[in-house]
Each structure stands twice: as C-alpha cells, then as structure tokens.
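**Q** Residues 12 to 592 (the working numbering) are what the sequence shown spells out, left to right.
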Amino acid sequence: MQTKKITIFPIHALQVVLLALYLVITIFCGTQDLEQEKPPLDRHEPYNFRGKSGMVVAAHPLAAEAGLEMLKKGGNAVDAAIATTFALNAAEPFASGIGGGGFMVIYLARDKKITAINFREKAPAKSFPEMYIEDGKTNEQLRRIHGLAVAVPGALAGWSYALNKYGTKTLKDVMQGGIQIAEEGFPVSKTFSKINKDEYEKLLQMAGESCCYLNEGLPFEADEVLRNPELANTFSLLASQGIEAFYRGEIAQKIVTAVQEKGGILTLDDLASYSPVEHTPIKGHYKDYTLYSARPPASGGLHIIQLLNIIGNWSVKEWGHNSVPYIHHLSEAFRFVFADRAQYLGDPDYIHIPEKELTSKDYGKQIAAQIKPDHVLNTYPYGEFDERENEKESTTHLCVMDKEGNIVALTQTINHFFGSGIIPKNTGFLLNNEMDDFSRNPESPNAPNPQRRPLSSQAPLILFQGEQPVLVLGSPGGTRIFTTLTQIILNVTEFNMSLDEAIEAPRFFSYSVRGEDRPITLESRMAPATIEALKELGHEILLREDYDKYFGGAQGIMFLPKTKIIFGGADSRRDGYGAGY
12 MQTKKITIFP IHALQVVLLA LYLVITIFCG TQDLEQEKPP LDRHEPYNFR GKSGMVVAAH
72 PLAAEAGLEM LKKGGNAVDA AIATTFALNA AEPFASGIGG GGFMVIYLAR DKKITAINFR
132 EKAPAKSFPE MYIEDGKTNE QLRRIHGLAV AVPGALAGWS YALNKYGTKT LKDVMQGGIQ
192 IAEEGFPVSK TFSKINKDEY EKLLQMAGES CCYLNEGLPF EADEVLRNPE LANTFSLLAS
252 QGIEAFYRGE IAQKIVTAVQ EKGGILTLDD LASYSPVEHT PIKGHYKDYT LYSARPPASG
312 GLHIIQLLNI IGNWSVKEWG HNSVPYIHHL SEAFRFVFAD RAQYLGDPDY IHIPEKELTS
372 KDYGKQIAAQ IKPDHVLNTY PYGEFDEREN EKESTTHLCV MDKEGNIVAL TQTINHFFGS
432 GIIPKNTGFL LNNEMDDFSR NPESPNAPNP QRRPLSSQAP LILFQGEQPV LVLGSPGGTR
492 IFTTLTQIIL NVTEFNMSLD EAIEAPRFFS YSVRGEDRPI TLESRMAPAT IEALKELGHE
552 ILLREDYDKY FGGAQGIMFL PKTKIIFGGA DSRRDGYGAG Y
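#1: From K436, E415 and G274, pick the residue whose C-alpha is nearest to that of I672; which is it?
#2: Compute the distance between the beta-carbons of N129 and A420, then report whether it is under 8 Å.
#3: In terms of alpha-carbon separation, which member of C223, K273 and L99 lies closest to A74?
#4: For N452, is the classification buried or exposed, using 16 other Cβ atoms within 10 angstroms of its Cβ as the cut-off for buried?
#5: Along the beta strand (DSSP E) that carries R61, what are the first and last residues, could you check?
#6: Can E289 and T424 be called in contact, C-beta distance under 8 Å?
#7: Can a CB atom of chain B be found closer than 8 Å to the CB of A101?
#8: Quick check on N226: does DSSP put it in helix, strand or coil?
#9: Ignoring anything shorter than 3 residues, give me the beta strand (DSSP E) runs that lie fully in the region 96-151, in order along the chain.
#10: Can you tell me whether DSSP reads S171 as helix, strand or coil?
#11: For the beta strand (DSSP E) containing H339, name the first residue and the last one.
#12: Of the choices G375, P456 and T95, whose alpha-carbon is the least far from that of V465?
#13: Where does M217 fall in DSSP's three states?
#14: Measuring alpha carbon to alpha carbon, tell me which of G85, I531 and R536 ends up nearest L545.
#15: Please classify I500: is it buried, with 16 or more other beta-carbons within 10 angstroms of its beta-carbon, or exposed?
#16: Does DSSP put D539 in a helix, in a strand, or in coil?
#17: With a Cβ-Cβ cutoff of 8 Å, do T202 and R585 count as a contact?
#18: For Y393 and G65, which I take to be in contact (beta-carbon distance under 8 Å), what is that distance rounded to the nearest angstrom?
#19: Within its chain, find whatever has a CB closer than 6 Å to the CB of A243; leave out the 5 residues flanking it on each side and keep chain order.
#20: On the DSSP letters alone, give me the boundaries of the beta strand (DSSP E) that K84 sits inside.
#21: If you draw a straight line from the C-alpha of G147 to the C-alpha of D413, how long is it?
#22: Measuring straight from C-alpha to C-alpha, what distance separates R529 and T495?
#23: Can you tell which of E132, V161 and A101 has its C-alpha closest to the C-alpha of N444?
#24: Can you tell me which of M115, A101 and A269 puts its alpha carbon nearest to the alpha carbon of E168?
#25: Does DSSP classify R491 as helix, strand or coil?
#26: What distance in whole Å lies between the Cβ atoms of L571 and I552, which are believed to be in contact at a cut-off of 8 Å?
#27: Which of helix, strand or coil does DSSP assign to M412?
#28: Cβ of A379 within 8 Å of Cβ of N333?
#29: For the pair the region 136-154 and the region 77-87, tell me if three or more CB-CB distances fall below 8 Å.
#30: Assuming V483 is part of the beta strand (DSSP E), what are its boundary residues?
#31: Answer yes or no: do T422 and G485 have a C-beta to C-beta separation smaller than 8 Å?
#32: Would you check if there are 3 or more beta carbon pairs closer than 8 Å linking the region 404-411 to the region 224-235?
#33: Name the DSSP bridge partner or partners of D528?
#34: What's the gap between the Cα of F97 and the Cα of S107?
#35: Exposed or buried, what is V524 when buried is set at 16 or more other beta-carbons lying within 10 Å of its beta-carbon?
#36: Is the beta carbon of G416 sitting closer than 8 Å to the one on A120?
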C-alpha cells in the first residue's frame, strides 16, 4: 500500500497532526519498513525520502545507497558516513575525494555528545603570502590550475580518525562500496556530463587525453559508463596498507611527484606531518532552536549564527517568503557579514578570531538597526571590537542518521570542479586546488602561510530543539553555502515548509567587497514584480537559471521525535538522493 506524500512542519507547530498521521501509518503498515512512493519524474518537485531506522542523503544515488547498505550491515552513522565518502569519490569525483578535505559534525545519541572534526587541507611548509604575485599582480593560473594550487589533502586522515574513534567498522569494510562503484562503473548523469565538458580544457592540460575522467580523450556524454579501475586499485591498496600508504608510502610519493612536475612545492614531509583536529562545535541560538556547526577555518557556521542573530530582530514571517522586504533585509545582512569575514576570518591556529563578539546577540542587534527598509546602504563597515588581535561550487555534503539516533553532517571538497586537474599517476583520484581559498591580499588574516588551513565557507550543521536534534543540513556552493543554509533554516522554522520544499525553494545571494555592495543574484523563478521592486530600492539584480547549482546542492535530514519518522531532502540542483529504511 502506498502512502501519500507528507508536508512537514516545525515540531512546535503541528506535532499533534503529525502524531495522528504516524498512528494511521502504523495501523496500516504495521512494523514493516515505511513504504516509500517513487520520486516524481520532475526532480525539482519537492519530495521527502522517508525511513524509520536510518537515513543517508548524499549528492549521488550510488553514494546514498552505499551508506544505507552500511547501516543495514550494522554500522553506525559514522561508519555509513565514511562509506558514503568513498562512494562519492567514485561516483561524484569532480566534487570531492581523497585528494581534498573538509569538516564533519558528529552527534552521539547515547552520550548526548556533539563534536566536530576539522580535516581541512593545509598549505605546504614552503608557502608564503606573496607566492602568487607576479609583477605586482595575482597570477590566477598559479592559484587554480598549477602545482602551486594543491594543498595537503586531509580527507583520508579525517575519515580514518572519525572511524577509529567513533565508528564500529574497519577502513576495509567501509570502502567496499566505493571499490565496487569504481570497478563496475556507472552511467554518468547530465550534471556530470555538463561539468565534465565545462572543465575539459583543464583536464586536458593537467592530465592529458588518457585521463580517467575523459572518454577516449573527450568529455563523457550523459548515460555513457565511467569505470575507474585505477581508483579501485588505490582504494584496495589503502584497504590493505591503511592511510600510511597515502601519507608516507607509495601513494604519497606519487602525489609529490605529480605536484612537483606541475611546478608545486608540496613535499613528503608535508604529507607525513598532516593530522586532523577534533574540537567542540560552534554554538548559536535562534528562538527555541540551538545550532551546532564546525568552527573556523570553517566559517559557515559562524556566519549562519551571525545572520540568525540579525534576522531575529525582524518579523520575517510577516513579510512573507521571498517578499521584497525579506530579500532586501537579508541581502543587506549578507553584506555586513561579508565585511566581517574579510576583516577577521582565517586559521584560528595562527590568528585571533573574535568569535564571541561576532556571534553575540547584541552585535546582531547593532547590525539590524543599521539596515534601512527603504534603500540600499551601499557601505557596510566591519565590526570593531576591543579585543581584536589580529566562486566555487565543487564541494559536496552528506547527512546520516542511524537507528540509535547518532548523526553525522559532513561537508568536503576539492574546491573547484575537478580540483586542480592533477591526477597522481595510476591512482584515479584528483588533487584539490584548495590554495585558491587563501586571500589574494598578502596582508589578509587569510593569506597563504606555512601549514595554515585556508578559510572555508563550509557549514555542516545540526539544529536542536531542546535536547532533541531535529534538522541536519549542509551544502556546497562556496561563499553561497552559509546564505543558502540560512534560507533553508528560515524556510523550515518561519515558513512551515517541508524539508525538501525548503531545499527546492528559490534562492538569492549578495555580498560586499571592501565594504561596498554587490548585486543580488536570484534564481529566475522569483516573481518579476519582486525583482522590479528590489531595483527600485537600489539593488542591482543578476538572474541565473531556475534551479542553479551556483546556489549549491543542499542535503538534509529532518527528524520528528513524536512520529519516529526520518525525512531526507536532496537538492535537485545537483544529483542529490536519499536512501532510508
């Protein structure tokens, strides 16, 4: 028997209705797996995946299924998350993999413990602030498509750390799904094909016609099968030798050779000295919700807290979703936050970040008071505090919840699509171009320096109501990550949208540079009258596609305790998919 689609509202709004609905489902479906109707043919139509015992949401169906299989084999949320990362390396290689890095937030239900792991890439030891300056100008090629673009990868170290400390399975166990995908291959999607064509020249230049991510020297067309036996062999080597092969052994030597042949400075010592960092998450409050996310250099969580502190001073629900005052006020808030980002954010191991001041309710109130309802400010100063010391899309996010209530929110990247384009010989994986995330300004707190981690916009997060986790979120999208996630949180908490309705809703973005405003970029689904009214307020407008991957590819999980049903939402702007049971 098929069940009808459910529109999900915030817990505090319709708990009684949802409990009644759950009882009906239980009566008719018994204790068997919750029946899931097929996703609609139109991928943009909101659709919530459902489960009772576990859920995995990721940017590719094969990856979500690999994670689900790990749950069904008795693995916990951490096991399933790491299984999903290996599968993503095989099925969505243009966005992440063992040649990159990222952040994860973990919730351990039995201990009610929330922790975060920073496995962000690091600059090689020979890095210096002016390393990309030639004749007084920044050489963009060196930052993006060159050996100097490659930072020390942290993904494997972070995955292994999480697995050893909080998982129950071995590295060999969790990479079997990734090995199978790489060996057997899969038909590439339209998304893959388009990105492959967009990055074709880079792959030709850095990896050559025989590149494993080209089909006989040409980009893959949709539905052509990609097999990557070299990646399968690399994973198999890691399964037998452990991550030492990557950081000190055979693979390490191949990485260093490939990078240095392309003019880079990464060394064996850089790889051998890499280690992830576990830390307490950053914490913020919005009404009766509590948000936990990764700390800087993952800046996204901090900025979401800033934005919610500003927004909490306004009656956004009365304005209406994506109304003129809503878009105007939020865009102005975005611009203030970007001013602070440029002034203060970097690697906290080397600079002081006034985290407490930036995330205070009083500071949010100060910013809100400066924003005018009837015109654009044009100038957005950064905050000044007494204690101060001194475009990217290719990221991916996954969420996992297991039957015990353990949760992982994990965001990872190789920076731009297909990273630097460098593939160490016969390994099948791409190296990042994460050095481009350092500032172009040598005086910036985020300037390249030895062994520093570049600033990131990543924001894997878990939202609690009371002591209960209710929403797990994350997204790719470069600097659009934290503005996108803020909008999704508001869509759920203020506008009573179901999870996937909140993810699929039209998005907008704006920012500031050196305190000066930049245009509002909107998906073209926005109402024409709204666009014209924003122009009258003084905003310059840029329109993108109806569902544009520029705004990321968010993945989320919503759990409603009274119903005991887990809902997954996967963004149609990429190849997002949920798998629950």
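Even for Gly, the Cβ is constructed at its ideal location relative to N, Cα and C.
All values reported here derive from a predicted model rather than from experimental measurement.
**A** Taking the coordinates as given:
#1: Any answer about residue 672 is impossible in this case: the structure gives the chain only from 12 up to 592.
#2: Residue 129 sits at position 118 when you count from the first residue of the sequence shown. Residue 420 sits at position 409 when you count from the first residue of the sequence shown. Against a cut-off of 8 Å, the Cβ pair of A420 and N129 comes out as no contact.
#3: By 1-based counting over the sequence shown, the position of residue 74 is 63. Of the candidates C223, K273 and L99, L99 places its Cα closest to the Cα of A74.
#4: Translated into positions along the sequence shown, residue 452 becomes position 441. Exposed, since its Cβ has fewer than 16 Cβ neighbours within 10 Å.
#5: Here residue 61 is taken as the residue at index 50 of the sequence shown, counted from 1. DSSP places R61 inside the beta strand (DSSP E), whose first and last residues are F60 to G62.
#6: Counting from 1 along the sequence shown, the entry for residue 289 is found at position 278. Counting from 1 along the sequence shown, the entry for residue 424 is found at position 413. Not in contact: E289 and T424 (Cβ atoms no closer than 8 Å).
#7: Chain labels in this structure do not include chain B; a single protein chain is all it has.
#8: Walking along the sequence shown from the start, residue 226 turns up at place 215. In the structure shown, N226 adopts extended strand secondary structure according to DSSP, grouped into three states.
#9: 112-119 and 124-130
#10: By one-based count along the sequence shown, residue 171 stands at place 160. Residue state for S171 is assigned as helix, using DSSP reduced to three classes.
#11: Within the sequence shown, numbered from 1, the residue matching residue 339 stands at position 328. It is not in any beta strand (DSSP E) - H339 instead sits in the alpha helix (DSSP H) that spans V335 to Y355.
#12: For this step, residue 465 is matched to residue 454 along the sequence shown. Residue 465 is actually Pro in this sequence, not Val. When only C-alpha atoms are compared, the closest one is P456.
#13: Sequence index remark: in the sequence shown, residue 217 carries index 206 (1-based). Three-state DSSP puts M217 in a helix.
#14: Indexing the sequence shown from 1 puts residue 545 at position 534. L545 has its Cα closest to that of I531, out of G85, I531 and R536.
#15: Taking the sequence shown and counting its residues from 1, the one referred to as residue 500 is at position 489. By the neighbour-count rule (16 or more Cβ atoms within 10 Å), I500 is buried.
#16: Taking the first residue of the sequence shown as 1, we reach residue 539 at position 528. Strictly speaking, residue 539 in this sequence is Pro, with Asp absent from that position. Note: P539 maps to helix in three-state DSSP.
#17: Counting from 1 along the sequence shown, the entry for residue 202 is found at position 191. Counting from 1 along the sequence shown, the entry for residue 585 is found at position 574. Going by C-beta atoms, T202 is nearer than 8 Å to R585.
#18: Position 382 of the sequence shown, counted from the first residue, corresponds to residue 393. Position 54 of the sequence shown, counted from the first residue, corresponds to residue 65. Y393 to G65, Cβ: 43 Å. No contact.
#19: What you label residue 243 is simply residue 232 of the sequence shown in a count that begins at 1. Once the five neighbours on either side are set aside, the close Cβ partners of A243 are I190, A193 and E194.
#20: Against the sequence shown, residue 84 aligns to sequence position 73. Here K84 belongs to no beta strand (DSSP E), and DSSP marks it neither H nor E.
#21: Position 136 of the sequence shown holds residue 147. Position 402 of the sequence shown holds residue 413. Those two C-alpha atoms are separated by around 53 Å.
#22: Here residue 529 refers to the residue found at position 518 of the sequence shown. Here residue 495 refers to the residue found at position 484 of the sequence shown. Rounded to whole angstroms, R529 to T495 spans 17 Å at the Cα level.
#23: Position 433 of the sequence shown, counted from the first residue, corresponds to residue 444. Minimum Cα distance to N444 is reached at V161.
#24: Numbered from its first residue, the sequence shown carries residue 168 at position 157. Here residue 168 turns out to be Ala, not Glu, going by the sequence shown. If we check each option's Cα against that of A168, M115 comes out closest.
#25: Locating residue 491 in the sequence shown gives position 480, counting from the first residue. Under the three-state reduction of DSSP, R491 is assigned to helix.
#26: Taking the sequence shown and counting its residues from 1, one reaches residue 552 at position 541. Taking the sequence shown and counting its residues from 1, one reaches residue 571 at position 560. No, I552 and L571 are not in contact; Cβ-Cβ is about 38 Å, not under 8 Å.
#27: Counted from its first residue, the sequence shown places residue 412 at position 401. If DSSP states are grouped into helix, strand and coil, M412 belongs with the strands.
#28: One-based indexing of the sequence shown puts residue 379 at position 368. One-based indexing of the sequence shown puts residue 333 at position 322. Cβ atoms of A379 and N333: not closer than 8 Å.
#29: no
#30: Here residue 483 refers to the residue found at position 472 when the sequence shown is read from its first residue. Note, V483: beta strand (DSSP E), Q479 to G485.
#31: Position 411 of the sequence shown, counting from 1, holds the residue named residue 422. Position 474 of the sequence shown, counting from 1, holds the residue named residue 485. A contact, by the Cβ cut-off of 8 Å.
#32: no
#33: Locating residue 528 in the sequence shown gives position 517, counting from the first residue. In the DSSP output, where bridge partners are listed per residue, D528 has S523.
#34: What you label residue 97 is simply residue 86 of the sequence shown in a count that begins at 1. What you label residue 107 is simply residue 96 of the sequence shown in a count that begins at 1. Going by the C-alpha atoms only, they are around 9 Å apart.
#35: On the sequence shown, residue 524 is found 513 positions in, with the first residue counted as 1. Burial call: exposed.
#36: As a working note, residue 416 is residue 405 in the sequence shown. As a working note, residue 120 is residue 109 in the sequence shown. Yes, these two residues count as a Cβ contact at 8 Å.
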